[in-house]
Structure formats: structure tokens, C-alpha cells
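Shown next, in C-alpha cells, is the structure this report addresses.
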Amino acid sequence: MTDIYLDNNATTKVDPAVVDVMIPYFLEQYGNPSSIHKFADGVARGLKQARQQVQALIGCEHDSEIIFTSCGTESNSTAILSAIKAQPNKKEIITTTVEHPAILSVCEYLEKEGYTIHRMPVDKAGRLNLESYKKLLSDNVAIVSVMWANNETGTIFPVVEMAEMANAAGVMFHTDAVQAVGKIPMMLQDTKIDMLSVSGHKLHAPKGIGVLYLRRGTRFRPLLRGGHQERGRRAGTENSASIVGLGKACELALEFIEYENTKVKAMRDRLEQGITEAIPHCFVTGDIYNRLPNTTDIAFEYIEGESILMLLNKAGIAASSGSACTSGSLEPSHVMRAMDIPYTAAHGTIRFSFSRYNSMAEVDEVLKVMPGIVATLRKLSPYWDGAGPVADPEKAFAPTYA
Amino acid sequence: MWDYSEKVKEHFFNPKNAGAVVDANATGEVGSISCGDALRLTLKVEDETEVILEAGFQTFGCGSAIASSSVLTEIIKGMTLDEALKVTNQDIADQLEGLPPEKMHCSVMGREALQAAIANYRGEEWKDDHEEGALICKCFAIDAVMIEEMVWANKLRTVEDVTNFTKAGGGCASCHEDIEAILEKVLAEKGEKFDPTAAPVEAPAKIAAVKAPLTNLQRIKKIEEVLESLRPALMADGGDVELVEVIGNTAYVNMTGACNGCQMAAMTIAGIQQRLMEVMGEFIKVVPASEMAKLVNIEVA
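Residue numbers (the numbering used here), protein chains in the order written: chain A, 45 to 446; chain B, 3 to 303.
This is the structure we're talking about:
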């Protein structure tokens, strides 16, 4: 059996069709899109087509609302910093406790500069309370930034509704949609979302290319100045090959979006059901009724995630974990802590994220090895005794806290 | 993915002495579930000789935590308790052919469990002597709590102070923003304000405004002085540095003791170089003495 890749929320394989459309932009049409000669005369057309392909996938009204950036993180930083620069009198930002660091670190930094950051908590299933959200909206808020779907659990936030609420209160709304774009259908022109971030490498385009959707008329201040590219909103010579690749990837994502929500979802469901039936003391985290079709995040109690990943890797299976040890920090994932998942489980969470390249045969292979891996590690765990957890694990094993 | 050594992988995939020892007469439990690491070490000690006959571990933790536990049990089996008390976390890391800096705390946890188990056997109470924080300096594996404590204890005010006292920030320098954040926090607690240009706490061996270039003799003396001031930090890790020769603005040094062959030796040399340049106000290149031999040979040839 060849290796099985179930870490598609981290990054994806570049679709071979995407690579094919990119190659000519390295070897033939390598001219600067701004130049007037035959090495460049096809580039502008390629960029225009890519812009339209992205536009079709996210359903925005104008292709000029698409700004190509270097990655999702740049799009996120641009959105937030633009909102505060354009509205210098507004000193509050609303976000959530479970955002990606690309948002949270920027907010933390702005907090030091004197901004008030409202980080909305989530419940045990990772859901937001819209009543409390409504109360936070005011004239002092420069921007609301809420992710469309969570990268760890796949939980989907009601961003369309939240954008309506922000708009009614006269507040700008941004969503980090890097996990959602290409996995769930969207029609931005029917929403009040002002800005939205896309990352190419999450949808089978290469790394190093992203998009910031900017609704026409939204007040904007560029992050990078220094050229007329992207209509002066993002200076720097266009990454033409990657832009064209991203366009192709968006076209394919649109083509496969139904497949994603039927076939890919069926693989995810089968894996999740198989694991929770075969292995005691494990549970699925997040809002299982409202999440991405490709993601499942399962907490295996009393064992640690990095150890699980190492054994999975040995079996040729790639996944990821919210354990502290995989990141080098001391705390388990902030998303697991926000959902109040106990430490004994939070360190043992494993995320399996699928793509259209996976198959049911791979699901069966994972189901074959997973129970053995968990049993092996539980045998070593001081919280486990024979067939089950030790009685009252927190008390039975109470080490001196180092 | 971590760059684990083959030895770490070997002990992780085939752990030795996993599980609790039956009829154990010593138990040590350390770790913190919030940090995702917890270790119970059980020993069977022969009462007359105090020799460790058997050792077993149960670990909730990552690959290197399990490997550290496993290798620890192998190291201590057959030792007397007094011998076992001399086992350091560096011994554990060495047996594993090294650990990534972020994972050194796994070896610390092993040593602590051992000390706790021996204290338990002797009817003493073992107290953990340090709290661990988020890793700040990846070059020298210094965590936030350690830096905070040193800032409090020694009234440190600048990043340079922190580097002088803890080594943190003396390598690649990419953690300086984090160190500044710690300084800002601690100084705010003390009602002071962080000033990046504040004078160093200890007047170091610094000559104010060097006007004329140093003579070679002055330079050598100055370099010796700076090395002397850095020596305590190196010796704390069981290492030392020796000045071999100064040619122009290049200082040739020998890293001795634990510094010799240490993976961090290059970092340490970079740190020494930075410190020399700061103090002397001129460009100084620090090079291992082994490089000098090559140079001399070339000149002779």
C-alpha cells in the first residue's frame, strides 16, 4: 500500500492539471506582465482568466474585487491592518478565541498598541453565541474577523449571518476562509462580507499564492505600496505562474465541489464511524452537525498525539495533532482549550483531513491499524490500566507538577 | 516533524522496561498533564546494597518523552542509588544521541522522576525546584520562566543583560522580540518602563568610546577580560573556552570540556563573537583554533 495522505487541511498536493498550466509561465511567457513584448503579451490574459476563475468559485460580483497576494496570512494581515488604518478612530476588533494564529497574533500585537480585542468564546462543541456577538458590535469596532471554517475541527461559523449583523451596525466584516473555499459552495455577491482570505495551497494550487477578496467600495489601505500591480492595492511583480495555477485550481474545485460534499464526505464519515466504534474512550470534537465535509478531529483519551502520529507515520499514514508536543509549545491547541476539552484528551487529538485524491480503500487501511496504535500507547500510559482508564485518573496519578 | 535521532526512534518504537515493576519499592511521579507530559517511574531496589534491580516506566507523552523514559530505565538498572543520583538529563540526552532543544525538557523529566523515586525510597519528600515555561531561546533552550526569574533576581533591564545572564538571545537573535516582551512585562510589574537603550546592569569590561584603534596587546588583554566574564555561564554547562592566538582581528579559541564537540559549539562561538564586538566596539572574528592550524600550514607552504 502506498502512503496515505490525510493532512489536507495543512496543505494539499498540487493538481497535475495545475502544474501543466503553470509551466509555460516559467519557460515561455516569463516576461513581466507590465512589459510590452512577446514574452509578456500572454501573461495579462492569463492573469485575467485566473481572476475570473477565482471569481466564479467564490461568487463575487466583479473580477476586480480579487487581489492576488502571497498567501492566506498576508491576506489576513492586509485585511485587519487596512481596516484600522482606514478608520483610525475605531479602536476595537472583534474576533474569536479559535482563529488561526494568522489572525490571533496580529490582534495580540495590536492589543499592545492599545487596541481592545474582543475574543468571542466558543461552547464545548465549538459554537459561537450570536447574542453576545450582537452586543459587541458598536461604532468603536474597526473590523470583525471570524473564520468561515475552523482548521482543526472543521466547524463552520455562520459568517453570512454575522456579516449581515455587522453591516447593519456599520462595521466592516472580514472572514478567513482558507479552509472553506473550494470545500463548501459560496456566493459572496449575495452576502455582506467585505473581505475574505483565500490560500492557494489548501485547494491543490501551489504554496505562496493567496487572494484577498475586497468588496467594491470597501475602504482600503494597502499593506505593500510600490507599484501599480493589482490596481495599486498590492504592489510587487505578479507571481504569474502561481496566479494562473490558482485560477486552474479554483476551476477544478468548482467542478469537484459536489464530489467533495458527497464522496469525500462519505470517506470522512466512514473513517470517523469506524474509529469511534472500534476504539473505546475516544470522541469527535467540534460541531459534528455543521462542519467541513473533509475534516474529522478525534480525541483519543489518555495518550499523546505526537506519539500517535509517529506510529501512524510508521504505518505510512499522514495526519496531524493538536498536541502541545507537535508544536514545541507547552499548551495543547488553543482550539481544544477553547472548547474546554480536558487535558487528558486535548493532547491526544488527531485530525484527519481528506481531499478528492483519497479513496475508501485508504479509509479501510487506517481503520485496520488505528486500534492497535491506540492500544500500544495506552499500555505505556500511567492513566490506563489493562482494559480501561484507571479509576478517577486525575487522582490516581497525581504527579508532582514540574 | 522533529529531527529525532535514530536512537530516539529506536527507543520509541521498541521501548525497554515499559509498564510498572511488580513489587516496586520506589515510585517517582513527575510531569504536568497540562503540558502533555507525565511520567511514573517504578524501581525495585535491593535493600542491603541499594542496587536498582529493576526499573519500569509509564509515560503519557510524546515520542521523545517515551524514548527518554525508556533509555533512563536502561541507564540506571544495576546502579546503586548514589550512582543513579549522579545521572543528569544531559546523560539521558547523550544516550539518545541528542534531542531537539524544544524536547530537552523530556530528559529533565526523566532525571526528576529518578530523583523523586529515590526520595520516595528513602522516605524523603522530593520537591521540584523549577517551573517550566514556554521555550523562548531555541539556540540555548532557555524558557520564559527562567528568563523572568533572572530579570527579577538580577534587576535586568535590556536584552543584552538577559543574554549575559542566561545566554538567551545570544545565538541567532530571532527571539529578541520575545525577550523584550518579557522585559516589558516584568518591568511593568515593578512599576518601571522598558528602555531598550538602558545601560547594562553591571558595568561590563567596557572602555568608553575607543578613539584610537587598539594595539594588539590591548586587544588580547581585552579579549581575555571578556572571555573571563563569559566563563561562569560556560562552566555552568560544564564547558570552558581558552584563547589560543589573536591575529589581526581574528581570535582563535579552543572550546573545552562539555563545549568540545557540543552541537551548540558553533552557536556559543557566535555568541562570544557578538559579545566581543559589543564590548570592544570593533569587528572581531572568533574562529576555532583548529582552523588556525590550516591557516598556518598554508602560510608555511
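Ideal placement from N, C-alpha and C gives every residue a C-beta, glycine not left out.
The structure displayed is predicted, hence computed values, not measured ones.
For residue j and residue i, the rounded distance between their alpha carbons
i      : j      : result
B:L278 : A:H144 : 41 Å
B:A210 : B:P290 : Residue confidence for B:A210 is low, a pLDDT of 43 falling below 50, so the modelled location carries little weight and cannot support an answer.
A:L267 : B:A175 : 26 Å
A:L424 : B:T252 : 53 Å
A:I417 : A:N357 : 11 Å
B:A205 : A:E157 : With a pLDDT of 45 at B:A205, under the threshold of 50, the modelled position of that residue is not reliable, and the figure given next carries that caveat. Distance between the alpha carbons of B:A205 and A:E157: 33 Å.
A:I187 : A:K134 : 9 Å
B:K208 : B:G250 : Confidence is the limiting factor: at B:K208 the pLDDT is only 42, short of 50, which leaves the residue's position unreliable, though a coordinate-based value still follows. Spanning the two alpha carbons is a distance of roughly 20 Å.
B:L189 : B:A170 : 18 Å
A:A279 : A:V225 : 24 Å
A:Y257 : A:T113 : 10 Å
A:E375 : A:I347 : 15 Å
A:L148 : A:T141 : 8 Å
B:E50  : B:L83  : 12 Å
A:A210 : A:I124 : 15 Å
A:G244 : A:G214 : 31 Å
B:A118 : B:A235 : 28 Å
A:E109 : A:M404 : 39 Å
B:I325 : B:I78  : A query on residue 325 of chain B cannot be resolved here, the shown segment of chain B reaching from 3 to 303 and no further.
A:I67  : A:G86  : 13 Å
Residues that residue i bridges to, as DSSP identifies them
i      : result
A:T117 : Beta-bridge pairing links A:T117 to no other residue.
A:G254 : A:T113, A:S243
A:R395 : A:D341, A:S364
A:F217 : A:V188
A:P433 : A:W428
B:C139 : B:I144
B:A20  : B:F59
A:R335 : A:T199
A:A123 : DSSP lists no partner for A:A123.
B:L245 : B:V255
A:E136 : A:T160, A:V185
A:Y49  : A:A362
7 Å Cβ cut-off: residues of chain B touching residue i
i      : result
A:M354 : F14, G65
A:Y387 : I35, S36
A:P376 : G38
A:H33  : Lying outside 45 to 446, the shown extent of chain A, residue 33 of chain A is not represented and no answer is given.
Interface partners of residue i on chain B, CB under 9 Å
i      : result
A:Y159 : Neighbours of A:Y159 on chain B: none; closest Cβ ~16 Å, over 9 Å.
Span of the alpha helix (DSSP H) around residue i
i      : result
B:Y254 : B:Y254 -> not in any alpha helix (DSSP H); beta strand (DSSP E) instead, spanning 252–259.
A:H378 : 378–382
A:K236 : Unbroken run through A:K236: none, as it is neither H nor E.
A:R89  : 87–102
B:M237 : 218–238
B:V110 : 106–123
B:G65  : 65–78
B:L185 : 178–191
A:I80  : First-last for A:I80: undefined, no H or E at that position.
A:M230 : No alpha helix (DSSP H) holds A:M230; DSSP gives it neither H nor E.
A:G291 : 284–299
B:E12  : 8–15
Opening and closing residue of the beta strand (DSSP E) in which residue i lies
i      : result
B:T29  : 28–34
A:H144 : Unbroken run through A:H144: none, as it is neither H nor E.
A:S23  : No answer is possible for residue 23 of chain A: it lies beyond the span of chain A, which begins at 45 and ends at 446.
B:T44  : 39–48
A:C326 : 326–328
B:P290 : 287–290
A:T160 : 160–164
Per-residue contacts from residue i into chain B (C-beta, under 8 Å)
i      : result
A:I468 : The requested residue 468 of chain A does not occur in the structure, where chain A is confined to residues 45 to 446.
A:E205 : Simply none; closest approach about 35 Å.
A:H106 : Those within 8 Å of A:H106 in chain B number zero; the least Cβ separation is about 40 Å.
A:K358 : F15
A:S367 : G38, C64
Partner residues on chain A for residue i, Cβ-Cβ distance less than 7 Å
i     : result
B:A28 : Within chain A, no residue comes near B:A28; the closest Cβ sits about 15 Å away, beyond 7 Å.
B:I68 : S351, L424
Under 9 Å by beta carbon: chain A residues contacting residue i
i     : result
B:A20 : K423, L424
Neighbour list for residue i in chain A, Cβ cutoff strictly below 8 Å
i     : result
B:I94 : Under the 8 Å cutoff, chain A gives no residues; its nearest Cβ is about 15 Å from B:I94.
B:P17 : L424
Just by C-beta distance, which residues in the stretch 55–68 of chain A are closer than 8 Å to chain B? Of all residues in the stretch 55–68 of chain A, none is placed with a Cβ closer than 8 Å to any Cβ belonging to chain B.
Contact list for the stretch 135–146 of chain A against chain B, Cβ threshold 8 Å: Residues: none.
Scan the stretch 41–53 of chain B for residues whose Cβ lies nearer than 8 Å to a Cβ of chain A and list them as they occur along the chain. Taking 8 Å as the Cβ-Cβ cut-off against chain A, the residues of the stretch 41–53 of chain B that qualify are L41, R42.
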